[in-house]
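Structure first, commentary second.
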Ligand SMILES: [Ca+2]
Ligand SMILES: [Ca+2]
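Numbering (this note's numbering), first residue to last: 15 to 147.
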């Protein structure tokens, strides 16, 4: 199985759509030897969370689905991925009073094929962005 590392998140107001925010994130997908040798392809999705004292809330899930494929070009070289997606800013307003604490998790899986790495996704968590959304 690969690992998801160095997940970073930054949130800015959209410059093109009123009421929307751009979520720019990056991460590294580090392959296992088999991932590289078999040119495995991972499907990656993002969940968005609001941090709370007891249980964190899911604000949005299954966002920005994309694929990352290892091509065996180098031995176990990580794939560095930079992406942006937008959400309505009100989705980020996870606390009615005070600041909102928002982070995302990157979830990568290979599915159930015979050359897949396993059924369970690998998950990486970003930094928490504190804002007033
Ligand atoms: Ca909170
Ligand atoms: Ca708020």
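Where is the CB? At the ideal position from N, CA and C, for every residue including glycine.
Rounded C-alpha distance that separates residue 24 from residue 140:
By 1-based counting over the chain shown, the position of residue 24 is 10. By 1-based counting over the chain shown, the position of residue 140 is 126. Cα-Cα distance, rounded: 10 Å.
CA-to-CA distance, residue 51 to residue 122, given in whole angstroms
Along the chain shown, read from residue 1 onward, the residue named residue 122 stands at position 108. Along the chain shown, read from residue 1 onward, the residue named residue 51 stands at position 37. For residue 122 and residue 51, the distance between alpha carbons rounds to 18 Å.
So, with DSSP's three-state summary, where would you put residue 93?
Position 79 of the chain shown, counted from the start, is the residue given in the question as residue 93. Looking at residue 93 - three-state DSSP - the assignment turns out to be strand.
How far does the alpha helix (DSSP H) with residue 28 in it reach, from first residue to last?
Here residue 28 is taken as the residue at index 14 of the chain shown, counted from 1. Here residue 28 belongs to no alpha helix (DSSP H), and DSSP marks it neither H nor E.
Candidates 108, 18, 120: which alpha carbon is nearest residue 67's?
Along the chain shown, read from residue 1 onward, the residue named residue 67 stands at position 53. Of the listed residues, the one whose Cα sits closest to residue 67 is 108.
Between which two residues does the beta strand (DSSP E) containing residue 122 stretch?
The residue labelled residue 122 in the question sits at position 108 within the chain shown. Counting along the chain, the beta strand (DSSP E) containing residue 122 begins and ends at 114 to 123.
Alpha carbon to alpha carbon, how far is residue 85 from residue 64? Give it in angstroms, no decimals.
On the chain shown, position 50 is the one that residue 64 refers to. On the chain shown, position 71 is the one that residue 85 refers to. Approximately 35 Å, taken between the alpha carbons.
What does DSSP give as the partner residues of residue 77 in its beta bridges?
One-based indexing of the chain shown puts residue 77 at position 63. Per DSSP, 60.
Rounded C-beta distance between residue 74 and residue 49? I'm assuming under 8 Å.
One-based indexing of the chain shown puts residue 74 at position 60. One-based indexing of the chain shown puts residue 49 at position 35. About 28 Å; that fails the 8 Å criterion.
Per DSSP, which residues does residue 99 bridge with? Please list them.
In the chain shown, counting from the first residue as 1, residue 99 sits at position 85. For residue 99, which the question treats as bridged, DSSP gives the partners 37.
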